[in-house]
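Colleague: Please see the structure below; I have some questions.
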Amino acid sequence: MDILQLIQSNLLTPIILFFLFGIIAARIKSDLKIPEAISEFLPIYLLAAIGLHGGIEMRNTGFENMLIPMLAAIGLSLLFTLNHYQILRRLGKFNIFDSYALASTYGAVGAVTFSVGLSFLKNQGVSSEGYLAAILAVLEPLAFILAIFLTNMAVSKQIKVKKKSFTADDASDIEIGIQSSKTKLSQVLHESITGKAIVILLGSIIIGYIIGENGFSSIKIVFDEMFTGAIVIFMIEMGIIAGQRLDDMKKVGIFLTAFAVIMPTFNGIVGVLVATVLGLSLGGAVMFGLLLASASFIAAPAVLRHTIPQAKPSLYITSALGITFPYNIIVLLPIMFAISSFVHTGEGSIDLFNYVIKDWI
């Protein structure tokens, strides 16, 4: 099956259709709304299910087998975050705060995107290494910590520059004012690690590791067979929120719109190829690539509003949720699956280019 067929097939899955349904509901000004209690419960449920499977897989394969993929993911995540900043700052001409906020948003990972990826693989009859859930938990706060550290360094540099231009008394006042905008890394680390998403994910991984497959069998009907159904309901809400964000697209601009598509594609394909070299399975390479391609639109706003308040939420929320998330789950997932299939088996063809130029020959 080629890429275009995969994309077409993916468009007709319940998850994508319900996501598009949510967007349409928002655009026609429907009063459709997922009850608040359910919208708060579903992310916890999805993370718990992912964590349980990850813990079981870690028990089956051993921690040593996931160490190299985890270190590779950490290194790539940090490298991509720095690369994002340089592109946004130098080419996009964004200010320091927006550049770091956007860079960390695209350096972090999206648990919702990860959930959709698992469902996509299930539809294709392919499995992945469950321990990738542990890598998800590690990568979640990593980009934020790096961005806050670099932002603090930038603020410190501003202090030194401004102090040279004013008298001693004025410089002292400026330093106090700018220092008040700096964020302690310990505070960011604490907020990131103790956030409910990381807590439920890490806790579920530990529980899954302890109970193993035998213990999981008694709750399998809840955390396995109902998993896709829960994602479908959650996709309605994601679609509604994305549909409401479409009005903010003008604020994002052409450059950031292109960035929100091109960078996830680059990161994801690199992730698939690196994972293949590391020996991950076909499905594992897709999920590894998806971790690096996804952008955080749930954890990012919660962290960045407090740690980089100077950054504009309309930029990093709209680009991540309104552009990258739909692109990743509708288009990029099939592309990465096709690439992973090709490099793992050599079967099938990546013939998107040939399909496009057929009409020109």
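With the UniProt record's numbering as the guide, the letters of the sequence shown map in order to residues 1 to 361. In this text, a Cβ means the ideal position worked out from N, Cα and C, and glycines have one as well. Predicted, not measured: the structure shown is a model, and the values here were computed from it.
(1) Assign Gln124 to buried or exposed, taking buried as 16 or more other Cβ atoms, counted over all protein chains shown, within 10 Å of its Cβ.
(2) Check for me: the alpha helix (DSSP H) holding Ile15 runs from which residue to which?
(3) Measuring only the C-alpha atoms, how far is Gly284 from Asn267?
(4) List the endpoints of the continuous alpha helix (DSSP H) containing Ser9.
(5) Excluding sequence positions up to five away, which residues of its chain have a Cβ less than 8 Å from the Cβ of Pro43?
(6) What did DSSP end up calling Tyr100 once you bin it into helix, strand or coil?
(7) Could you tell me which of Lys93, Asn10, Gly203 sits nearest to Gly134, measuring between CA atoms?
(8) Assuming Val286 contacts Ser340 under a Cβ cut-off of 8 Å, what Cβ separation, rounded to an integer in Å, is found between them?
(9) What separation, rounded to the nearest whole angstrom, lies between the Cα atoms of Ile329 and Gly62?
(10) How many angstroms separate the CA atom of Arg90 from the CA atom of Gly51?
(11) Between the alpha carbons of Ile205 and Gly54, how many angstroms are there, rounded?
(12) Evaluate contact between the segment 315 to 330 and the segment 5 to 21, counting only Cβ atoms and requiring at least three cross-stretch pairs below 8 Å.
(13) Within the same chain, show all residues whose beta-carbon is closer than 8 Å to that of Tyr209, passing over the 5 residues directly before and after it, in chain order.
(14) Looking only at its own chain, which residues have a Cβ that is under 6 Å from the Cβ of Tyr45, when we skip the five neighbours before and after it?
Modeller: So, to answer that:
(1) Here residue 124 corresponds to residue number 124 of the sequence shown, with the count starting at 1. Under this definition Gln124 is a buried residue.
(2) What you label residue 15 is simply residue 15 of the sequence shown in a count that begins at 1. From DSSP, the alpha helix (DSSP H) with Ile15 extends over 14 to 27.
(3) Here residue 284 is taken as the residue at index 284 of the sequence shown, counted from 1. Here residue 267 is taken as the residue at index 267 of the sequence shown, counted from 1. Distance between the alpha carbons of Gly284 and Asn267: 15 Å.
(4) What you label residue 9 is simply residue 9 of the sequence shown in a count that begins at 1. Looking at the DSSP string, the run of the alpha helix (DSSP H) that includes Ser9 is 3 to 11.
(5) Taking the first residue of the sequence shown as 1, we reach residue 43 at position 43. Taken in chain order, the residues that qualify are Ala111, Val112, Ala197, Phe234, Ile298.
(6) Counting from 1 along the sequence shown, the entry for residue 100 is found at position 100. If DSSP states are grouped into helix, strand and coil, Tyr100 belongs with the helices.
(7) Counting from one through the sequence shown, the residue named residue 134 turns up at place 134. The sequence given here places Ala at residue 134; Gly does not occur at that position. The shortest Cα separation from Ala134 among Lys93, Asn10, Gly203 belongs to Gly203.
(8) Counted from its first residue, the sequence shown places residue 286 at position 286. Counted from its first residue, the sequence shown places residue 340 at position 340. Right, the Cβ-Cβ distance comes to about 5 Å (below 8 Å), so this counts as a contact.
(9) Numbered from 1 along the sequence shown, position 329 holds the residue referred to as residue 329. Numbered from 1 along the sequence shown, position 62 holds the residue referred to as residue 62. Their backbone Cα atoms lie some 30 Å apart in a straight line.
(10) Locating residue 90 in the sequence shown gives position 90, counting from the first residue. Locating residue 51 in the sequence shown gives position 51, counting from the first residue. Each residue's Cα considered, the two are about 39 Å apart.
(11) In the sequence shown, residue 205 corresponds to position 205, counting from 1. In the sequence shown, residue 54 corresponds to position 54, counting from 1. So the alpha carbons of these two residues sit roughly 6 Å apart.
(12) yes
(13) On the sequence shown, residue 209 is found 209 positions in, with the first residue counted as 1. Within the same chain, Tyr209 has close Cβ partners Gly55, Ile56, Met58, Arg59.
(14) Taking the first residue of the sequence shown as 1, we reach residue 45 at position 45. Counting only Cβ-Cβ distances below 6 Å, and skipping sequence neighbours, we find Ala230.
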